[in-house]
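Letter by letter, the sequence shown follows residues 714 to 1664 of the working numbering. Ideal Cβ placement from N, Cα and C applies to all residues, glycine included. Every value quoted in this text rests on a predicted model; they were computed, and no experiment measured them.
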Amino acid sequence: MKNQQFLAMVFLLAMVSFSNAQINGTVVDDEGSPLPGASVVIKGTTTGSTTDFDGVFTINAEVGDTLVVSYIGFESQEVTASNDMKVQLTSGVALAEVVIVGSRNPNRTATESTVPVDVIDMKELNNVAPQVNLNQILNYVAPSFTSNTQTISDGTDHIDPASLRGLGPDQVLVLINGKRRHTSSLINVNGTFGRGSVGTDLNAIPAAAIQRIEVLRDGAAAQYGSDAIAGVINIVLNKTVNELNTTVTTGANFTKNANDQTGGVDGESTNIAGSYGLPLGNNGGFFTLSGDFDVRQDYSRMKEWEGEVFNQYNVIERVANDAGYDITGLLDDDVADVIQYAGQAGIDINGATTKEELQPILSTDATEAELAARGQQRSDYNMRVGQSALRGGRLFANFSLPLDGEGTEIYSFAGISSRTGNSAGFYRLPNQSRTFTPAYINGFLPEINSNIKDQSLSVGIKGKVGEWNVDLSNTYGRNSFLYTIGNTFNASLQNASPTIFDAGGFSFSQNTSNLDITQFFDDVMAGLNIAFGAEYRVENYDIVAGEEASYAQYTANGQRITLASQQPAQDFFGNARPGGSQVFPGFSPSNELSRGRSSVAGYVDLEADFSERFLASFATRFENYSDFGSTINFKLAARYKVSDNLNIRGAANTGFRAPSLHQINFNSTSTIFDQNGNPQEVGTFANDSRAAKLLGIPELKEETSQSISLGLTAKIPDANLTITVDGYYVEINDRVVYTGQFSGPGTGTELDNLLRQANATAASFFANAIDTESRGLDVVITHNTTIGSNWRLKSDLAGTLSKTNQIGDINASEVLRNAGLIDTYFPEDSRVYLEEAVPRTKINLSNSLTSDRWIVFLRNVFFGEVTEATTVVENQQVFGTKLVTDLSIGYKASDALTLTIGANNLFDIYPDRAEEQFGNRSGGRFDWSRRAQQFGIGGRYLFARLNLSLK
């Protein structure tokens, strides 16, 4: 009897032990393939696990517990825990899943986090979305993100500025696999949104290399350091192995305004992308290689030039040239030849016998008759207003090798990209002094050719030291941008000028070393995560000079001008010929420099579940820069679980952004065209220059910010709905802007001489000129449903409403105030660029209908109104709201082959045209604004895509 009681007790204890034992299981996709990295969490707790390379997980749970299983790009499932369980997830594009960014807790999901995070799965977007470059993919899928292709903006034609929540391109931090990404070497100084800022070149990263993108829409400088005022974009690279994915996409603009508004097809593009991964070792190691190559043709949307092209002197040039005369001879003071050919041309010179007498007669307009005489039409003098041509390739690698079964691994990722671009500037007309007509009798369209290279490498090792997770890494990145100016001229060199110039360029490099230490204590309260670490970063910025003829101005005798007493070569009318290569004067040795700095930082990041309902986090970061000193920032965030399906969250933080080395050191002379299309040679001077001191421009200091956010996340399981709503307020002090153009008095002052030495007529600077506030509301609603037995419909409605305003007085010195130059220091067009040049409202509704064979993707994006950025308030035309529709249909011909056809901007929608009454068309150059971009002016884009996936 006692033996029977003893056996019964043993059996009972075994059952109790079994019920509290670890639960084992496997997570697979809808095709039965294992899903490594899937999240498995006990519902209502922070206890969780992730699957290994084979999709296997182990979790401390009881039989009968409810487990929430999720994976990026798949629908989450709630399942009942049992031993040796198998969970199959259904695929679909998701905006809220397990995240890396915003929290250092390894088990935190987007809807459970204290701050808003969008998670964008790239696999399905790469199959169905019309866009292939990263900026445009994000522009159409993430409402808080804005980026558009620019036009007639020098280097910015080749690297698209991007922003988050309507703040500057340099106020969003980009990470790759959680590591800081370097910025571009280009600083935007022309007439576009983001003028005066430095952004990250997202298009240097191939979309094929990306598993998912996490967009943290909240200030995070206390967690990640400088630049994270608007938020953080974290790009997570592919880990897929034993699967070859190749994609070929080709398309073009089929639009009513193609080919200078004559209709047809233009802007052809082709992208070829591929990725493949190899498993390494037996513990889930991998090596993946991904890349793409693309070619993009230019397009133009200018109908025809409506202004003057020729004067009477140009008529004489044509007649003399047709007679075989060297028309350079017309330029000297002996006007006998001019009078002779004027007679042959039938021009009445009213008895004029000297150059001074001839000048007012021959400067009169002769455009219409001369166009007919030359057999030309006005469109022959068009600019290329639209899209630059690009050709480039990108290659990224991602590597991880676990060294044991305890989590120790070495890892690395690296990328290279090379891109060449071709854009054009303003047409140099025959009747302008900057056109040397003996070389270009019909004028010329100067071209900017870019050579952009990008390299990056990150290596690290992570593992456990005791119970602590330790991650030690080093990340290096470099971006270079070199200019070759073609089909152009140095007018002051006259006949001796080349037509192609090496104009120099710039580069930026960054090396970041990180030590990150974390531990999650599941037995403290309802869970406590402690993270702390340190960072050391070194940056370097270089400007490289071009060849002499690209920047110098010369006398009529071909001597380089170095003294104020020397006079440049002149045209027939006595106007000085500008120096340097037309459209983009090169960098001179006086611009050349190499500047560096370093920073050291330390942070603490705590996140505690005080109960199953209340979560709070606190982060602080100290950072010291070698060039401007120290800063310390804080972040406090919390989330309260009202119920299993409703969370309330909020955050408050301070932030900062160190002025970039580019903003501190950039100096050059460039040709800037005003709102009337008139050119000016504008010199950008550094803040420690003599010109800055003469005008009272202070040296740069860091921007600082304070922000708060409040939101909620809700699930309605019966309706298959997930909702997030987040409001925010961000105040930024001492914001860095690019000033207006200061001119010298023209009386031989020191400023006049400095401008002349720079071959410039005006000066601009970077300055902490203003304070701003930004407020907004972000909403994301996701719905899933099943239609019949084979169809699944997933719908995402996401919208952002934002507004940025300058607040308080302009931060100007007494020197500027006393001189009445406040409106030049921060001009009206800069205010518009800041507040109204990009949509403040953007709403995105995406619908994805899938079956075993078909994928139908429909997306409608609503773009809010924008305003023309001009200094004349009366000319500030407001461009109305627009709705752009994308549609694609994919057919899965086999398990390996998918064919997709579709359209971006299906209904060929354009922004409102520039109206004549506002005076911004610049003689027909700009029928659509180049300063205020909603979604571009390409029109309807049709594409076809072939995707081959071999497993």
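Nearest-angstrom Cβ-Cβ length linking residue i and residue j, presumed shorter than 8 Å
{"i": "isoleucine 1650", "j": "arginine 1014", "result": "5 Å"}
{"i": "glutamate 1160", "j": "aspartate 1215", "result": "That pair is no contact at about 14 Å."}
Inter-residue spacing [alpha-carbon to alpha-carbon] between residue i and residue j
{"i": "glycine 1020", "j": "leucine 1084", "result": "12 Å"}
{"i": "phenylalanine 1335", "j": "phenylalanine 1648", "result": "39 Å"}
{"i": "proline 1552", "j": "valine 902", "result": "21 Å"}
{"i": "glutamine 1407", "j": "phenylalanine 1245", "result": "Position check: residue 1407 holds leucine in this sequence, whereas glutamine was assumed. If I take the Cα positions, the gap works out to 46 Å."}
{"i": "serine 1420", "j": "glutamate 1444", "result": "6 Å"}
{"i": "serine 1301", "j": "serine 1381", "result": "8 Å"}
{"i": "valine 806", "j": "asparagine 852", "result": "At valine 806 the pLDDT is 39, less than 50, meaning the model places this residue with poor confidence; the figure from the coordinates comes in the next sentence. Rounded to the nearest angstrom, the two C-alpha atoms are 16 Å apart."}
{"i": "isoleucine 1213", "j": "valine 911", "result": "28 Å"}
{"i": "aspartate 1625", "j": "tryptophan 1641", "result": "7 Å"}
{"i": "aspartate 1050", "j": "alanine 1086", "result": "21 Å"}
{"i": "valine 812", "j": "asparagine 916", "result": "Residue placement at valine 812 is poorly supported in this model, since its pLDDT is 49, which falls under 50; the coordinates still yield a value, given next. Each residue's Cα considered, the two are about 23 Å apart."}
{"i": "glutamine 1283", "j": "serine 1635", "result": "26 Å"}
{"i": "leucine 748", "j": "serine 876", "result": "33 Å"}
{"i": "threonine 862", "j": "lysine 1354", "result": "42 Å"}
{"i": "asparagine 1395", "j": "threonine 1452", "result": "Residue identity check: residue 1395 is valine in the sequence provided, not asparagine. Going by the C-alpha atoms only, they are around 11 Å apart."}
{"i": "leucine 1663", "j": "glycine 1501", "result": "30 Å"}
{"i": "glutamine 974", "j": "phenylalanine 1639", "result": "12 Å"}
{"i": "arginine 1505", "j": "valine 1569", "result": "10 Å"}
{"i": "phenylalanine 1479", "j": "phenylalanine 770", "result": "54 Å"}
{"i": "lysine 836", "j": "asparagine 1617", "result": "19 Å"}
{"i": "valine 1558", "j": "lysine 1507", "result": "Looking at the sequence shown, residue 1558 is not valine but leucine. Taking the straight line from one Cα to the other gives about 11 Å."}
{"i": "serine 898", "j": "asparagine 848", "result": "17 Å"}
{"i": "phenylalanine 1323", "j": "leucine 880", "result": "34 Å"}
{"i": "valine 1048", "j": "arginine 1403", "result": "45 Å"}
{"i": "serine 1564", "j": "serine 762", "result": "31 Å"}
{"i": "valine 841", "j": "leucine 1659", "result": "11 Å"}
{"i": "valine 741", "j": "serine 1003", "result": "24 Å"}
{"i": "tyrosine 1654", "j": "glutamate 1486", "result": "37 Å"}
{"i": "leucine 1562", "j": "serine 1456", "result": "60 Å"}
Short Cβ contact (8 Å threshold) for residue i with residue j
{"i": "threonine 1580", "j": "alanine 1645", "result": "yes"}
{"i": "leucine 1043", "j": "isoleucine 1029", "result": "yes"}
{"i": "glycine 1105", "j": "aspartate 979", "result": "no"}
{"i": "glutamine 678", "j": "alanine 1471", "result": "Nothing can be reported for residue 678: it is not among the residues displayed for the chain, which extend from 714 to 1664."}
{"i": "asparagine 1588", "j": "asparagine 1497", "result": "no"}
{"i": "aspartate 940", "j": "aspartate 873", "result": "no"}
{"i": "glutamine 1100", "j": "tyrosine 1012", "result": "yes"}
{"i": "glutamine 1232", "j": "glutamate 1180", "result": "yes"}
{"i": "alanine 1093", "j": "asparagine 1024", "result": "Before going further, note that residue 1093 is aspartate rather than alanine in the sequence given. No, they are not a contact pair."}
{"i": "valine 945", "j": "alanine 1350", "result": "no"}
{"i": "arginine 908", "j": "tyrosine 1546", "result": "yes"}
{"i": "alanine 922", "j": "phenylalanine 1219", "result": "no"}
{"i": "leucine 950", "j": "asparagine 996", "result": "no"}
{"i": "alanine 751", "j": "glycine 777", "result": "no"}
{"i": "alanine 1332", "j": "valine 1317", "result": "yes"}
{"i": "proline 1372", "j": "glutamate 1415", "result": "yes"}
{"i": "aspartate 1621", "j": "lysine 969", "result": "yes"}
{"i": "leucine 1413", "j": "valine 1450", "result": "no"}
Any chain B beta carbon closer than 8 Å to residue i
{"i": "lysine 1166", "result": "In the structure shown, chain B does not exist; there is a single protein chain."}
Check: residue i C-beta below 7 Å from any heavy atom of the ligand HEM
{"i": "serine 1312", "result": "Summarising the ligand content, the structure contains no ligands, and the ligand HEM is consequently not present."}
Q. Would you call the segment 1365 to 1377 and the segment 929 to 949 touching, i.e. three or more CB-CB distances under 8 Å?
A. Touching, yes.
Q) Which whole runs of the beta strand (DSSP E) in the segment 1301 to 1353 are 3 residues long or more, in chain order? A) Taken in chain order, the complete beta strand (DSSP E) segments of 3 or more residues contained in the segment 1301 to 1353 are 1306 to 1322, 1327 to 1338.
(Q) What ranges does the alpha helix (DSSP H) occupy inside the segment 888 to 912, keeping only unbroken runs of at least 4 residues that lie completely in it? (A) List check, alpha helix (DSSP H) in window: nothing returned.
Q: Return the chain-ordered ranges of every alpha helix (DSSP H) run that is complete within the segment 978 to 1026 and spans a minimum of 4 residues.
A: The qualifying runs do not exist here; there are none.
Q.
Could you tell me which whole alpha helix (DSSP H) segments of length 4 or greater appear in the segment 1500 to 1578?
A. The segment 1500 to 1578 contains these whole alpha helix (DSSP H) runs: 1527 to 1531, 1535 to 1538, 1541 to 1548.
(Q) Is it the case that the segment 1287 to 1306 contacts the segment 1263 to 1274, given that we only count it when at least three CB pairs across the two stretches are under 8 Å? (A) Flag = yes, the segment 1263 to 1274 and the segment 1287 to 1306 touch.
Q) If you scan the segment 1065 to 1139 from start to end, which runs of the alpha helix (DSSP H) of 4 or more residues do you find wholly inside it? A) DSSP assignment within the segment 1065 to 1139 yields the following whole alpha helix (DSSP H) runs of 4 residues or more, N-terminal first: 1068 to 1075, 1080 to 1087.
(Q) For a minimum of 3 consecutive residues, which ranges assigned as the beta strand (DSSP E) are wholly contained in the segment 911 to 953? (A) Note on the segment 911 to 953: whole beta strand (DSSP E) runs with a minimum of 3 residues are 923 to 929, 944 to 950, in chain order.
Q) Quick one: any contact between the segment 1169 to 1179 and the segment 1132 to 1151, if contact means 3 or more CB pairs under 8 Å? A) Contact between the segment 1169 to 1179 and the segment 1132 to 1151 is absent, because fewer than three Cβ pairs lie under 8 Å.
Q. Taking three-plus beta-carbon pairs below 8 Å as touching, is the segment 1218 to 1236 in contact with the segment 1182 to 1195?
A. As far as the Cβ criterion goes, the segment 1218 to 1236 touches the segment 1182 to 1195, which means the pair count is three or higher.
Q. Do the segment 1123 to 1130 and the segment 1031 to 1039 meet, that is, are 3 or more Cβ pairs less than 8 Å apart?
A. They do not touch, by the three-pair rule.
Q. Do three or more CB pairs link the segment 1111 to 1119 to the segment 1148 to 1156 at distances below 8 Å?
A. Output reads no: the segment 1148 to 1156 does not touch the segment 1111 to 1119.
Q.
For the pair the segment 1235 to 1242 and the segment 758 to 768, tell me if three or more CB-CB distances fall below 8 Å.
A. Enough Cβ pairs lie closer than 8 Å, so yes.
Q.
List, from N- to C-terminal side, the beta strand (DSSP E) runs of 3 residues or more that fit wholly inside the segment 1586 to 1656.
A. You should have 1595 to 1605, 1610 to 1617.
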